[in-house]
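These notes concern the structure reproduced below.
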Amino acid sequence: MRNRHGLGFMAGGLLLLAAALCLSIYNIWDDNRAAIAAETNVKRLNTAMTETVRGELPVGMLPDYVLAPEMEMPTITIDGLEYIGRLDIPVLELSLPVLSQWSYPNMKVAPCRYSGSLYQNNMVIAAHNYKRHFGSLKTLEVGDTVRFTDVEGNEFRYTVAELEQLAPNEVEAMITGDWDLTLFTCTAGAQYRVTVRCVLEEESLS
């Protein structure tokens, strides 16, 4: 009887080890898949943006988003998904396409606009903690540079002003406040949200 119990415990332990191994292999595969998707789609987005960017405005003429900041952000569609632009974090060597609408399936592809608008200085961007998405967000420091370029070629430059951790249910705290741009992702186990607050640099528009 003892031998049977021993064999049963051993079999159960082996099953748990196999399940853990399978999960680890899947996580590595999913991380690599996300990195490839981001690299591929940002290249396609860059090409599409180059084709649609307008020339310089005449002297004295303001861009549309300055005249009407409540306007919807323009998009470019790739494989049926709408992108609003490109996020660059030089210190992390990241250049990522950003989708217009947030959803769990969309975040498998790229970072997503969670709320707000670039033109109203209240945009919040969410992404998974994949290594080549927002996995290194927690290593940013106050003073680091973040850039966002919309699909019409308007570039907005930001400075990291604060890093904080928020609980998953602190949605209101995430989307409110005097921050021009917020980036966030989950910690391992999804216990907290790593949150990076950014402020727009003066005369940053190019």
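Each residue of the sequence shown is one higher than the one before, starting from 65 at the first, in this note's numbering. Just so you know, even glycine gets a beta-carbon here, dropped at the ideal spot from N, CA and C.
Asked: Return helix, strand or coil for P127, following the three-state DSSP convention.; Found: coil
Asked: Taking only three categories from DSSP, how would you classify S270?; Found: For S270, the pLDDT reaches just 47, beneath the cut-off of 50, and the residue's location in the model is therefore unreliable, leaving the point undetermined.
Asked: Under 8 Å Cβ to Cβ from E266, same chain only, skipping five residues before and after it: list those, please.; Found: none
Asked: Starting from E228, trace the beta strand (DSSP E) in both directions and tell me its first and last residue.; Found: 219-230
Asked: To the nearest angstrom, report how far apart P175 and D214 are at their CA atoms.; Found: 14 Å
Asked: Hey, would you say V210 sits closer than 8 Å to I153, going by beta carbons?; Found: yes
Asked: Take the Cβ of P133 as the centre, count every other Cβ of all protein chains shown within 10 Å, and call the residue buried at 16 or more, exposed below.; Found: exposed
Asked: With DSSP collapsed to three states, give me the class of T251.; Found: coil
Asked: Leaving out five residues before and five after Q10 in sequence, what residues of the same chain have Cβ atoms less than 8 Å from its Cβ?; Found: Past the boundaries of the shown model lies residue 10; the chain is included only from 65 to 270, so the question cannot be answered.
Asked: Just the C-alpha distance for M171 and Y194, rounded to the nearest angstrom, thanks.; Found: 10 Å
Asked: Measuring alpha carbon to alpha carbon, tell me which residue in W166, A231, T259 is nearest V206.; Found: T259
Asked: Tell me the DSSP bridge mates of E146?; Found: T141
Asked: Rounded to the nearest angstrom, what separates A112 and I140 at their Cα positions?; Found: 7 Å
Asked: Hey, quick one: how far does the beta strand (DSSP E) through P161 stretch, first residue to last?; Found: 158-163
Asked: Let me check one thing: in DSSP terms, what residues is T246 bridge-paired to?; Found: V188, R261
Asked: Pull up the distance between the alpha-carbon of W243 and that of Q229, whole angstroms please.; Found: 15 Å
Asked: Starting from V235 and walking both ways along the beta strand (DSSP E), at which residues does that stretch end?; Found: From DSSP, V235 is part of no beta strand (DSSP E) but of the alpha helix (DSSP H) over 235-239.
Asked: Looking at S181: is its Cβ nearer than 8 Å to the Cβ of M238?; Found: no
Asked: Considering only C-alpha positions, which residue in the set Y256, A254, N96 is nearest to V173?; Found: N96
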